[in-house]
Amino acid sequence: MIQVLSVSKQYNKQLAVNDLSLTVKKGSIYGLLGSNGAGKTSLLKMIAGINRQDKGTIKIDKQPAFENIPIKERVAFIPDVLYFFPQATVAQMAAQYKEYYPNWNQQRFEQLKPAFKIELDRKVHRLSKGMKRQVAFWLALSAMPDVLILDEPIDGLDPVMRQKIKNLLFQDVAEREMTVLISSHNLREIEDLCDHVGIMHQGKILIEKEIDDLKTDTHKVQLALSDPSQEEQLFNKLNILHQEKRGSVSLLIVKGREDQIHEIIHSTEVILFDLLPLTLEEIFIYEMEDVGYEIEKILL
Numbered sequence: 045m046i047q048v049l050s051v052s053k054q055y056n057k058q059l060a061v062n063d064l065s066l067t068v069k070k071g072s073i074y075g076l077l078g079s080n081g082a083g084k085t086s087l088l089k090m091i092a093g094i095n096r097q098d099k100g101t102i103k104i105d106k107q108p109a110f111e112n113i114p115i116k117e118r119v120a121f122i123p124d125v126l127y128f129f130p131q132a133t134v135a136q137m138a139a140q141y142k143e144y145y146p147n148w149n150q151q152r153f154e155q156l157k158p159a160f161k162i163e164l165d166r167k168v169h170r171l172s173k174g175m176k177r178q179v180a181f182w183l184a185l186s187a188m189p190d191v192l193i194l195d196e197p198i199d200g201l202d203p204v205m206r207q208k209i210k211n212l213l214f215q216d217v218a219e220r221e222m223t224v225l226i227s228s229h230n231l232r233e234i235e236d237l238c239d240h241v242g243i244m245h246q247g248k249i250l251i252e253k254e255i256d257d258l259k260t261d262t263h264k265v266q267l268a269l270s271d272p273s274q275e276e277q278l279f280n281k282l283n284i285l286h287q288e289k290r291g292s293v294s295l296l297i298v299k300g301r302e303d304q305i306h307e308i309i310h311s312t313e314v315i316l317f318d319l320l321p322l323t324l325e326e327i328f329i330y331e332m333e334d335v336g337y338e339i340e341k342i343l344l
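Per the numbering used here, the very first residue in the sequence shown carries number 45; after that it's consecutive.
Below you can see the structure in the form of structure tokens.
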């Protein structure tokens with residue numbers, strides 16, 4: 045489990061992370077969303093134990109993350125800007141990882157080779173951006189970490205390789221209860237990967253939700269009443285995040301349990317009532333509007 049409590053960090057008097065708290069449960073995949081400059085990388089580097097926070101506490105399995113070698117041996121971090129030793133081949137980088145990570149699994153490293161199809165004698169610095177990222181995943185997954193931290197990890201990967209890596213992550217989470225913390229500025233890229241999502245803006249977590257809760261508690265309702273004068277009275281009984289009028293039909297985004305929404309709406313005579321599917325992006329747009337933010341300015 046990752047626990048971040050009241051953490052702040054500033055660089056050159058600029059506050060990058062501002063009194064931020066979050067919890068990532070063991071065996072979960074947590075998506076940290078936010079625009080460039082939101083503070084995501086600063087937060088991830090502190091959780092990975094690379095940088096020390098100015099205030100607050102960061103713990104992994106109840107142990108401090110910073111300057112804690114036993115914890116670092118269980119954490120793999122793939123940064124946005126990748127670094128490999130100059131002139132090192134894939135095999136040489138694997139040998140280095142074997143020294144750093146006690147749980148390194150050479151058999152897994154060999155088993156993953158067909159998935160990535162990169163020769164071991166290739167010098168990493170000569171590979172393309174996408175191939176370098178594949179090497180980073182290959183090494184990190186072979187290290188068998190308990191915690192995998194990923195900063196904009198999909199960048200540079202083609203759709204086929206993205207799906208391969210997602211499947212490998214799902215496998216490790218299911219079989220080993222590996223915990224994954226993944227940052228992105230693009231909700232669409234990771235919505236099918238994460239079970240928890242938090243939106244970060246100007247160094248703070250604005251909203252944090254379990255994806256299953258979001259999808260079961262937020263609904264798009266298409267509605268027309270036989271007596272339009274009853275609309276206001278009915279709408280006051282619903283927790284409406286957003287509403288539009290299209291002729292005689294109202295389009296509502298409503299929070300609440302589906303059965304409760306049905307019960308409230310059918311207390312009035314209706315001529316049209318439909319519950320329509322919502323994408324995760326739509327849900328976040330309306331949730332953010334509800335707390336006073338425009339998600340397009342934060343994520344897009």
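C-beta atoms are modelled at their ideal positions from N, C-alpha and C, and glycine is treated no differently.
With which residues is Q58 paired in a DSSP beta bridge?
In the sequence shown, the residue the question calls residue 58 occupies position 14. DSSP lists Y55 as partners of Q58.
Mapping the DSSP letters down to three states, classify S13 as helix, strand or coil.
No information on residue 13 is available, as it lies outside the stretch 45 to 344 that the chain covers here.
Does the distance from the CB of K53 to the CB of D98 come in under 8 Å?
Here residue 53 refers to the residue found at position 9 of the sequence shown. Here residue 98 refers to the residue found at position 54 of the sequence shown. In this structure, D98 lies closer than 8 Å to K53 by Cβ.
In chain order, each beta strand (DSSP E) run of at least 3 residues that lies wholly inside the stretch 299–327
314–320
Considering just the uninterrupted stretch of the beta strand (DSSP E) at I113, what are its terminal residues?
Taking the sequence shown and counting its residues from 1, the one referred to as residue 113 is at position 69. Taken as a continuous stretch (DSSP letters only), I113 belongs to no beta strand (DSSP E), being part of the alpha helix (DSSP H) at 113–116.
For a test of the three-state rule: what should DSSP assign to S350, helix, strand or coil?
Past the edges of the chain, shown from 45 to 344, lies residue 350, and the structure says nothing about it.
Secondary structure at Q97, three-state DSSP: helix, strand or coil?
Translated into positions along the sequence shown, residue 97 becomes position 53. Looking at Q97 - three-state DSSP - the assignment turns out to be coil, as it is neither helix nor strand.
On the DSSP bridge list, what partners appear for P108?
Taking the first residue of the sequence shown as position 1, residue 108 is located at position 64. BP columns for P108 point to K103.
Given a cut-off of 8 Å on the beta-carbon distance, is the pair A198 and R206 in contact?
Stepping through the sequence shown from its first residue, residue 198 is reached at position 154. Stepping through the sequence shown from its first residue, residue 206 is reached at position 162. Here the sequence assigns Ile to residue 198, which means Ala is not the residue at that position. Cβ distance < 8 Å, so I198 and R206 count as in contact.
Please find out if some non-hydrogen atom of the ligand SAH comes closer than 7 Å to the beta-carbon of F128.
Of ligands this structure carries none, so the ligand SAH is not represented either.
Near A184, what residues of its chain come up, given a Cβ to Cβ distance below 7 Å and the 5 sequence neighbours on each side ignored?
Residue mapping note: residue 184 aligns to position 140 of the sequence shown, counting from 1. The residues are A120, I122, L192.
Which residue's Cα is closest to the Cα of G78: L87, I255, E117?
Mapped onto the sequence shown, residue 78 falls at position 34. Nearest C-alpha to G78: L87.
Please state the DSSP three-state secondary structure of L49.
As a working note, residue 49 is residue 5 in the sequence shown. Note: L49 maps to strand in three-state DSSP.
Contact check, T323 vs L269 under 8 Å by CB: the rounded distance?
As a working note, residue 323 is residue 279 in the sequence shown. As a working note, residue 269 is residue 225 in the sequence shown. Rounded, the Cβ-Cβ distance is 27 Å, inconsistent with contact.
CA nearest to the CA of S294, picked from D303, E302, L278, R301:
If you number the sequence shown from 1, residue 294 lands on position 250. Selected option, being the one with the closest Cα: L278.
In whole angstroms, what is the alpha-carbon distance linking D303 and I284?
Taking the first residue of the sequence shown as position 1, residue 303 is located at position 259. Taking the first residue of the sequence shown as position 1, residue 284 is located at position 240. Those two C-alpha atoms are separated by around 16 Å.
Straight-line Cα distance separating M222 from M244
Translated into the one-based positions of the sequence shown, residue 244 becomes position 200. Translated into the one-based positions of the sequence shown, residue 222 becomes position 178. Straight-line Cα distance between these residues: approximately 23 Å.
Ignoring anything shorter than 4 residues or poking outside the stretch 183–220, list the alpha helix (DSSP H) runs there in chain order.
203–220
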